[in-house]
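Just so you know, the UniProt record's numbering puts 269 at position 269 of the sequence shown, and the rest follows in order with no gaps.
Think of the CB as a built atom: it goes at the ideal place given N, C-alpha and C, for glycine as much as any other residue.
This one's a predicted model, so the numbers in the text were calculated from it and none came from an experiment.
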Amino acid sequence: MRDEPRSTAENADGQSESPDTRNDIHVLFIEGEASFMPIKYQTYKSFDGKNRFAHLHPFRVCCCDPCYFEGDDEYIPPDAFGAERCYEEIESGRYHAIIVMDLPRCEYDFELMYGHLIKAFVDAGGVVAFPSSEGNIVETLGEMFDIDWRPGSYYRSNWGPCLGVNETNIQKSFGKGKFSKQVIKDYSVKATTLVAVPLHERCFGLTDHSKRSWGEDISVEADDPNYEAVVAMHEHGKGVIAYFGDVNAEDQTIELVAAFIESRAPRQPIDCFSGLEQITFVAILQLKEEGNEHFTSGRIDDAIVSYKAALQNLVAKPALKDPKGNAKLLSCQI
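Structure representation (structure tokens):
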């Protein structure tokens with residue numbers, strides 16, 4: 001039987017207590033067809049020799065069919081499979097945080113299938129981490145959360161915390177982790193970077209001594225328009241998301257993801273989906289707003305499509321297809 005969330009107290013400034021005294025954080029892992037990143041996260045041992053996420057009551061859902069992993073001897077099966085189970089877990093009200101594991105589906109599919117749920121989870125105070133090996137999720141995050149980040153480059157370098165421009169948010173978002181003192185530091189990974197990240201959202205990126213793997217100096221000033229970040233956070237509604245660019249899911253990035261979850265996890269698990277009407281409302285409102293934007297921009301045909309989709313949410317649940325091509329009826333309105 002799965003552990004049920006337990007409440008915890010807050011400290012004097014209203015923030016959650018140190019994770020060293022909290023054992024109530026529950027994390028949902030959403031995984032896709034690519035197995036290497038889940039394997040890394042499930043087998044990595046932290047500074048204390050234990051799996052880094054074991055105390056965070058992880059529950060893993062792979063949103064695709066088990067057939068994708070036939071013959072993969074290293075793959076560690078999740079707790080559950082399937083898109084519908086993924087919807088159910090997001091809606092369950094059990095979780096403080098979600099980690100979206102580098103889904104290889106196209107970004108449009110991710111936004112279509114999970115966008116409204118993830119956004120509602122964050123709006124209500126949830127924490128969502130997006131570790132990414134290719135950066136394909138960046139433009140989708142922009143659409144979902146009104147972010148101006150853009151995909152940058154792809155290379156190995158040494159990166160460091162952006163303490164000179166964003167120390168307050170870095171300490172807030174990473175400083176309360178179990179091993180924060182060991183991970184808020186310079187490190188080297190092959191990264192998929194971001195550009196156009198505002199100063200107050202930069203967490204880790206280029207330093208004044210960054211070099212490419214062959215020694216080329218690529219250090220830049222903080223106000224340089226080409227400044228590249230590898231970890232960035234964005235507050236939205238009552239919650240927060242963070243992007244972690246790392247091609248190989250290396251140890252330091254895994255530690256930073258865990259520290260982010262521990263530092264920003266809300267006091268109570270997020271339950272904003274107890275009634276279907278709320279989900280329907282969120283979906284209809286977003287589609288209506290999209291239609292309004294299309295209409296004011298003169299894209300009448302696109303506006304009609306959005307308005308019709310909003311109306312359809314009133315009367316039926318849209319069907320999607322599972323990885324085998326079978327029609328599936330969603331457990332929620334998206």
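On the CB-based measure, 16 or more other CB atoms within 10 Å of its CB, does Arg212 come out buried or exposed? What you label residue 212 is simply residue 212 of the sequence shown in a count that begins at 1. Its Cβ having fewer than 16 others within 10 Å, Arg212 is exposed.
Cβ pair count under 8 angstroms reaching 3, the segment 194 to 212 against the segment 78 to 95: As far as the Cβ criterion goes, the segment 194 to 212 does not touch the segment 78 to 95, which means the pair count is below three.
Is it right to say Gln182 is buried, meaning 16 or more other beta carbons lie within 10 angstroms of its own, or is it exposed? Within the sequence shown, residue 182 is the residue found at index 182, counting from 1. So Gln182 ends up on the exposed side.
Give every residue of the same chain whose Cβ lies closer than 6 angstroms to the Cβ of Val220, excluding the five residues on either side of it in the sequence, and list them in chain order. Stepping through the sequence shown from its first residue, residue 220 is reached at position 220. Excluding positions up to five away in sequence, the list reads Leu206, Tyr227.
In chain order, what are the residue ranges of uninterrupted alpha helix (DSSP H) at least 4 long that sit wholly in the segment 93 to 140? 107 to 123
Distance between Val189 and Glu243 (C-alpha atoms, nearest Å): Taking the sequence shown and counting its residues from 1, the one referred to as residue 243 is at position 243. Taking the sequence shown and counting its residues from 1, the one referred to as residue 189 is at position 189. Checking the displayed sequence, the identity of residue 243 turns out to be Tyr instead of Glu. Each residue's alpha carbon lies about 15 angstroms from the other.
Proximal residues to Thr21 (C-beta, below 7 angstroms), its chain only, five neighbours per side dropped: The residue given as residue 21 occupies position 21 in the sequence shown. Low local confidence applies: a pLDDT of 44 at Thr21 is under 50, so the model's placement there is unreliable, with the coordinate-based value given in what follows. Closer than 7 angstroms at the Cβ level, and outside the excluded window around Thr21, lies no residue.
For Ser188, list the residues DSSP reports as bridge partners. Residue numbering aside, residue 188 sits at position 188 when the sequence shown is read from its first letter. Answer is Asn158.
According to DSSP, which residues form a beta bridge with Asn51? Sequence index remark: in the sequence shown, residue 51 carries index 51 (1-based). Looking at the DSSP assignment, Asn51 forms a beta bridge with Lys45.
With DSSP run on the structure shown, which of helix, strand or coil describes Cys62? Locating residue 62 in the sequence shown gives position 62, counting from the first residue. In the structure shown, Cys62 sits in a strand (DSSP, three-state: E or B).
For Tyr87, the three-state DSSP class (helix, strand or coil): For the purposes of this step, residue 87 is taken as residue 87 along the sequence shown, with counting starting at 1. Residue state, collapsed to three classes: helix.
Taking the alpha-carbon positions, what's the Met101 to Asp223 distance? For the purposes of this step, residue 101 is identified with residue 101 of the sequence shown, where counting begins at 1. For the purposes of this step, residue 223 is identified with residue 223 of the sequence shown, where counting begins at 1. One C-alpha to the other measures close to 31 angstroms.
Determine which residues share a DSSP beta bridge with Ala80 and list them. By 1-based counting over the sequence shown, the position of residue 80 is 80. In the DSSP output, where bridge partners are listed per residue, Ala80 has Val61.
Where do the N-terminal and C-terminal ends of the alpha helix (DSSP H) with Gly164 fall, by residue? As a working note, residue 164 is residue 164 in the sequence shown. Run containing Gly164: 163 to 174, per the alpha helix (DSSP H) assignment.
Using only alpha-carbon positions, find the residue among Arg52, Ile99, Asn23, Asn51 that is nearest to Phe32. Taking the sequence shown and counting its residues from 1, one reaches residue 32 at position 32. Looking at the sequence provided, one finds Gly at residue 32 rather than Phe. Nearest of Arg52, Ile99, Asn23, Asn51 to Gly32, Cα basis: Ile99.
Proximity below 8 angstroms, CB of Val247 to CB of Trp159: Counting from one through the sequence shown, the residue named residue 247 turns up at place 247. Counting from one through the sequence shown, the residue named residue 159 turns up at place 159. Not a contact, by the Cβ cut-off of 8 angstroms.
Same chain, Cβ closer than 6 angstroms to Glu290, five either side skipped, listed in chain order: Position 290 of the sequence shown holds residue 290. Cβ contact annotation for Glu290 (same chain, cutoff 6 angstroms, sequence separation greater than five): Ser306, in chain order.
For Val231, name the three-state secondary structure that DSSP assigns. Reading the sequence shown from its first residue, position 231 is the one you call residue 231. The answer is strand: DSSP assigns Val231 an E or B state.
Under 8 angstroms between the Cβ atoms of Phe59 and Glu89? Taking the first residue of the sequence shown as 1, we reach residue 59 at position 59. Taking the first residue of the sequence shown as 1, we reach residue 89 at position 89. Closer than 8 angstroms, so yes.
Does the Cβ-Cβ distance between Ala124 and Ile270 come in under 8 angstroms? Position 124 of the sequence shown, counted from the start, is the residue given in the question as residue 124. Position 270 of the sequence shown, counted from the start, is the residue given in the question as residue 270. A contact, by the Cβ cut-off of 8 angstroms.
Drop a sphere of 10 angstroms on the beta-carbon of Thr43, count the other beta-carbons inside from all chains shown, and report buried for 16 or more, exposed for fewer. Taking the first residue of the sequence shown as 1, we reach residue 43 at position 43. Burial check for Thr43: the Cβ neighbour count within 10 Å stays below 16, so the residue is exposed.
8 angstroms contact criterion, which Pro131 and Thr253 should meet: CB distance rounded: Residue 131 sits at position 131 when you count from the first residue of the sequence shown. Residue 253 sits at position 253 when you count from the first residue of the sequence shown. About 6 angstroms; that satisfies the 8 angstroms criterion.
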